[in-house]
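*Asks:* If you number the sequence shown the way this note's numbering does, the last residue is 735 and the count never jumps.
Have a look at this one.
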Amino acid sequence: MPQQRNYLDTPLRYLPTLGEKRATLLESELGLRTYRDLIYYFPFRYVDRTVITPIRELRNIHREVQLKGYLTDYRQEGVGRKQRLKATFKDATGQVELVWFKGSDWLKKRYPEGKCYVLLGQPRLYNGIYSVSHPELTPADSPDLAVGALYGVYNTTEKMKRARLTPSVLGKIIASLLHLIPTYVEETLPSEICAQQHLIPLPDALQQIHVPRSTKELQAAIHRLKFDELFYLQLMLLQTKLERHKRFEGYRFEHVGFTFNSLYDSLPFSLTQAQKRVIREIRLDCNAGHQMNRLLQGDVGSGKTLVAAFSMLLAIDNGYQSCLMAPTEILAAQHYATLSRLLSPIGVEVALLTGSSTPKERRPILEGSADGTLPILVGTHALIEEGVRFAHLGLAVIDEQHRFGVAQRAKLWGKATDVLPHILIMSATPIPRTLAMTLYGDLDISTIDELPPGRKPIVTKHLYEDGISLAYDFIRDRIAEGRQVYVVFPMIEGSEASDYANLETGYKRFVYMFGERNVTWVHGKLPPKDKQERMDAFARNEVPILLSTTVIEVGVDVPNATVMMIENADRFGLSQLHQLRGRVGRGDNQSYCILVTPQALSYTAKRRMEVMTSTTDGFVIAEEDMKLRGAGDIEGTRQSGDLSKLSLAKPTEDVLLMRLAGAVASDVLAADPEAKNPLYAPMWQELERLYPREERWGNIS
Numbered sequence: 035m036p037q038q039r040n041y042l043d044t045p046l047r048y049l050p051t052l053g054e055k056r057a058t059l060l061e062s063e064l065g066l067r068t069y070r071d072l073i074y075y076f077p078f079r080y081v082d083r084t085v086i087t088p089i090r091e092l093r094n095i096h097r098e099v100q101l102k103g104y105l106t107d108y109r110q111e112g113v114g115r116k117q118r119l120k121a122t123f124k125d126a127t128g129q130v131e132l133v134w135f136k137g138s139d140w141l142k143k144r145y146p147e148g149k150c151y152v153l154l155g156q157p158r159l160y161n162g163i164y165s166v167s168h169p170e171l172t173p174a175d176s177p178d179l180a181v182g183a184l185y186g187v188y189n190t191t192e193k194m195k196r197a198r199l200t201p202s203v204l205g206k207i208i209a210s211l212l213h214l215i216p217t218y219v220e221e222t223l224p225s226e227i228c229a230q231q232h233l234i235p236l237p238d239a240l241q242q243i244h245v246p247r248s249t250k251e252l253q254a255a256i257h258r259l260k261f262d263e264l265f266y267l268q269l270m271l272l273q274t275k276l277e278r279h280k281r282f283e284g285y286r287f288e289h290v291g292f293t294f295n296s297l298y299d300s301l302p303f304s305l306t307q308a309q310k311r312v313i314r315e316i317r318l319d320c321n322a323g324h325q326m327n328r329l330l331q332g333d334v335g336s337g338k339t340l341v342a343a344f345s346m347l348l349a350i351d352n353g354y355q356s357c358l359m360a361p362t363e364i365l366a367a368q369h370y371a372t373l374s375r376l377l378s379p380i381g382v383e384v385a386l387l388t389g390s391s392t393p394k395e396r397r398p399i400l401e402g403s404a405d406g407t408l409p410i411l412v413g414t415h416a417l418i419e420e421g422v423r424f425a426h427l428g429l430a431v432i433d434e435q436h437r438f439g440v441a442q443r444a445k446l447w448g449k450a451t452d453v454l455p456h457i458l459i460m461s462a463t464p465i466p467r468t469l470a471m472t473l474y475g476d477l478d479i480s481t482i483d484e485l486p487p488g489r490k491p492i493v494t495k496h497l498y499e500d501g502i503s504l505a506y507d508f509i510r511d512r513i514a515e516g517r518q519v520y521v522v523f524p525m526i527e528g529s530e531a532s533d534y535a536n537l538e539t540g541y542k543r544f545v546y547m548f549g550e551r552n553v554t555w556v557h558g559k560l561p562p563k564d565k566q567e568r569m570d571a572f573a574r575n576e577v578p579i580l581l582s583t584t585v586i587e588v589g590v591d592v593p594n595a596t597v598m599m600i601e602n603a604d605r606f607g608l609s610q611l612h613q614l615r616g617r618v619g620r621g622d623n624q625s626y627c628i629l630v631t632p633q634a635l636s637y638t639a640k641r642r643m644e645v646m647t648s649t650t651d652g653f654v655i656a657e658e659d660m661k662l663r664g665a666g667d668i669e670g671t672r673q674s675g676d677l678s679k680l681s682l683a684k685p686t687e688d689v690l691l692m693r694l695a696g697a698v699a700s701d702v703l704a705a706d707p708e709a710k711n712p713l714y715a716p717m718w719q720e721l722e723r724l725y726p727r728e729e730r731w732g733n734i735s
């Protein structure tokens, strides 16, 4: 049987109906390399080819239809680039015009006049005449499986279409492989799971999803294949978590000592119940004897950094060092400032190491880190450089985790000596609970779902561009009160091809409205030193208005800034808008967010504005973002879990099936934790094929 399974791994260049040139194109355009890949490339929609529509009934139809009739009267029209081939297609009730813009010679040979064809295409009405461009024609006497069934339509690219790998041609190539399924595709799930979950056999599902004989048959195939995708993803995550607990010993943080208690006693406010609960979860994890690998998520301003500070003090009280790695110098500097403000009064030293650190600044930092006298080191990618050493690294905190590659994070783990450090990953973007279950099944998840008391909800308003003068008046009033303002633009430089508001023209406009001394600006391409100087000037309230690109999305904490104005807000995603809004509302004063857009908005842009003005709950916003954009588009999800293996299942829509598949995966792992039960052998083989152990980066940490 292994030999049979391997046959499906035959490279596509050996497929007679394809050829080497088009096989290379399939790999470069769609990532399809083997017979198996092609069998698992599913239609993205279906056309019901059981229905033949009479031409006279086309009046109210605005979709693809199937017509049956005779092809006559080929004729060439136009010259040069405007040249096209036309023909007439008739049935007993009327006629339509057929149009092709390329390939006139071979079309005439392939589809001779006077014969009866079944046509598939979308009719459009031009000057009172129905026309179908580039129709798909099948001889009426053809044994083609597509006619008279639900017909799958496959996604292709423009490059593929130019090479005549159209959706219909790709469908025929896939159909040429379907006869292999009964012989070479074996059932991977135990019969008891298939029976309990009412799943049809895998070979049947793969046949039926390509050539379904009915809607009921198609739904059964989709259900089975979605279940498989979610089941194997969750089985991989749960197995990774189980193996990590077994394989990776963790330092025991047994004591809550002087520094932890000193910070707790020195705070001028009380921790929220959510913060206390999360700190307790981290304490238990760090004393369990295995390496902690925990995701800490919470809304903007929920106090994640303070929780991280207590976690680092827990390490210090037990004789270990900590580090905090951030993706940008601005964010690293912000964490350094926050931790220094919290910890300096209790005698805990914090150092900052970035790419901008001078050799003179680096020397004492590196020495203190290497000999263990420096308890906390904050930095950027500079922390993973070769020369950085730790004497006793017990905890690594990573902020904005999705902005680091897994290989970079692996280098950080390598800074430990004999035992890997505990890992605390802080997510700056709230992740919908439904998605977190799928993506982070290999992590323990702590959620701060409560904002500190006294925080006033940010008032969010949506203005169209023709009403922007109201925003300027509002900004003048806030500046007169001594407050400060952020203005965010989606671009750095303007271009004639773009109508986006941009920093270049925006700066001129704001200087004209408010005066040059009242306006400063930053963007991602600015040298770090200049950027920091301008941010510092704004933080010291020397300048009331800061214009910026999304470089301020994270890492800026100016309590006196109470207005966030976002120009061309329709160009930003929901989560990004929420992150930007979170830059204000950090003090005691009422804060505001103004979203400025053009009058003409798409449905999704309008919906984003509605969501932003109706709620400030980051988790609600994340759920809405996932509904609008899909889970695979949410920033950071691709490398956190492996959504690339989900071609049918959507965590947004398939929540119940996802939970069910997760429960089944959990039961399987409980029954066969060592993966040695022969009953489950095909299932474990399939898991290894989908998620090879050497590629499971989660094991590194």
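Cβ atoms here follow ideal geometry from the backbone N, Cα and C, with glycine treated the same way.
Cβ of Ile207 within 9 angstroms of Cβ of Leu52?
*Replies:* yes
*Asks:* What separation, rounded to the nearest whole angstrom, lies between the Cα atoms of Phe544 and Ala367?
*Replies:* 28 angstroms
*Asks:* Give the secondary structure of Lys710 by DSSP, where H, G and I count as helix, E and B as strand, and everything else as coil.
*Replies:* coil
*Asks:* How many Å lie between Arg328 and Leu340 at the Cα?
*Replies:* 16 angstroms
*Asks:* Report the residue from Lys563, Val592, Ser582, Pro561 whose alpha carbon sits nearest the alpha carbon of Glu576.
*Replies:* Val592
*Asks:* With a 10 Å radius around its C-beta and 16 neighbouring C-beta atoms as the bar for buried, classify Trp140 as buried or exposed.
*Replies:* exposed
*Asks:* On the DSSP bridge assignment, give the partners of Tyr75 in chain order.
*Replies:* Partner(s): none; Tyr75 has no beta bridge.
*Asks:* Nearest-angstrom Cα distance between Asn321 and His456?
*Replies:* 10 angstroms
*Asks:* Closer than 8 angstroms is the cut-off here; do at least three beta carbon pairs connect the stretch 372-383 with the stretch 419-434?
*Replies:* no
*Asks:* Within the continuous alpha helix (DSSP H) that includes Pro237, where are the two ends?
*Replies:* 236-244
*Asks:* Under 8 angstroms by Cβ, that's how I've got Gly389 and Thr372 pegged, so tell me the actual separation to the nearest angstrom.
*Replies:* No, Gly389 and Thr372 are not in contact; Cβ-Cβ is about 20 angstroms, not under 8 angstroms.
*Asks:* For Leu326, does the three-state DSSP call read helix, strand or coil?
*Replies:* Checking the sequence, you will find Met at residue 326 rather than Leu. The three-state secondary structure of Met326, taken from DSSP, is coil.
*Asks:* With a threshold of 16 other CB atoms inside 10 Å of the CB of Leu101, please say whether the residue is buried or exposed.
*Replies:* buried
*Asks:* Excluding the 5 residues flanking Thr647 on each side, which residues of the same chain have their C-beta closer than 6 angstroms to its C-beta?
*Replies:* Thr494, His496
*Asks:* Kindly list the residues whose CB is nearer than 7 angstroms to the CB of Ala531, restricted to its own chain and excluding five residues on each side of it in sequence; keep chain order.
*Replies:* Here the model assigns Ala531 a pLDDT of 47, short of 50, so the residue's position is not dependable, and the following value carries that caveat. For Ala531, where only same-chain residues beyond five positions count, there are no Cβ hits under 7 angstroms.
*Asks:* What is the residue span of the beta strand (DSSP E) that Ser165 lies within?
*Replies:* 163-167
*Asks:* Please report the residue range of the beta strand (DSSP E) in which Gly516 lies.
*Replies:* Gly516 -> no beta strand (DSSP E), and no H or E assigned at all.
*Asks:* Under DSSP, the alpha helix (DSSP H) around Thr372 begins and ends at which residues?
*Replies:* Counting along the chain, the alpha helix (DSSP H) containing Thr372 begins and ends at 363-377.
*Asks:* For Phe303, count the other beta carbons within 10 Å of its own beta carbon; 16 or more makes it buried, fewer makes it exposed. Which is it?
*Replies:* It is exposed - the Cβ of Phe303 has fewer than 16 other Cβ atoms within 10 Å.
*Asks:* Please tell me whether Leu236 and Glu220 are closer than 9 angstroms, where the distance is taken between their beta carbons.
*Replies:* In contact: Leu236 and Glu220 (Cβ atoms closer than 9 angstroms).
*Asks:* Taking the beta strand (DSSP E) that Glu170 belongs to, which residues open and close that run?
*Replies:* 170-173
*Asks:* Rounding to the nearest angstrom, what Cα-Cα distance links Leu66 and Asp688 in this structure?
*Replies:* 26 angstroms
*Asks:* How many angstroms separate the CA atom of Lys116 from the CA atom of Lys136?
*Replies:* Distance between Lys116 and Lys136, taken at the CA atoms: about 10 angstroms.
*Asks:* Looking at the ligand ATP, does it come within less than 8 angstroms of Ile628, judged from the CB to the closest heavy atom?
*Replies:* This structure lacks the ligand ATP; in fact it carries no ligand of any kind.
*Asks:* Look at the alpha carbon of Ala197 and the alpha carbon of Tyr218, and state the distance between them as a whole number of angstroms.
*Replies:* Within the model, the alpha-carbon separation for Ala197 versus Tyr218 is close to 30 angstroms.
*Asks:* Beta strand (DSSP E) containing Asp125: first to last residue?
*Replies:* 118-125
*Asks:* Sort out for me which residues DSSP pairs Ala385 with in a bridge.
*Replies:* Leu411
*Asks:* Using DSSP bridges, identify the partner residues of Val133.
*Replies:* Lys120, Ser167
*Asks:* Out of Leu305, Arg56, Ile256, Leu153, state which residue places its alpha-carbon closest to the alpha-carbon of Thr191.
*Replies:* Arg56
*Asks:* Whole alpha helix (DSSP H) runs in the stretch 255-308 with 4 or more residues, listed along the chain?
*Replies:* 292-300
*Asks:* Tell whether a beta-carbon distance below 9 angstroms holds between Lys149 and Leu105.
*Replies:* yes
*Asks:* Mind reading off the beta-carbon distance from Gln518 to Phe572? Whole number of angstroms is fine, and I expect it under 8 angstroms.
*Replies:* Contact flag correct, Cβ pair sits at about 7 angstroms.
*Asks:* Please classify Ser225 as buried or exposed, where buried requires at least 16 other C-beta atoms within 10 Å of its C-beta.
*Replies:* exposed
*Asks:* Identify the continuous alpha helix (DSSP H) that holds Cys228 and give its terminal residues.
*Replies:* 225-230
*Asks:* Can you give me the Cβ contacts of Pro562 inside the same chain, cut-off strictly under 6 angstroms, excluding the 5 residues immediately before and after it?
*Replies:* Glu363, Ser390
*Asks:* Using 10 angstroms around the beta-carbon of Asn161, count the other beta-carbons present and answer buried if the total reaches 16, otherwise exposed.
*Replies:* exposed
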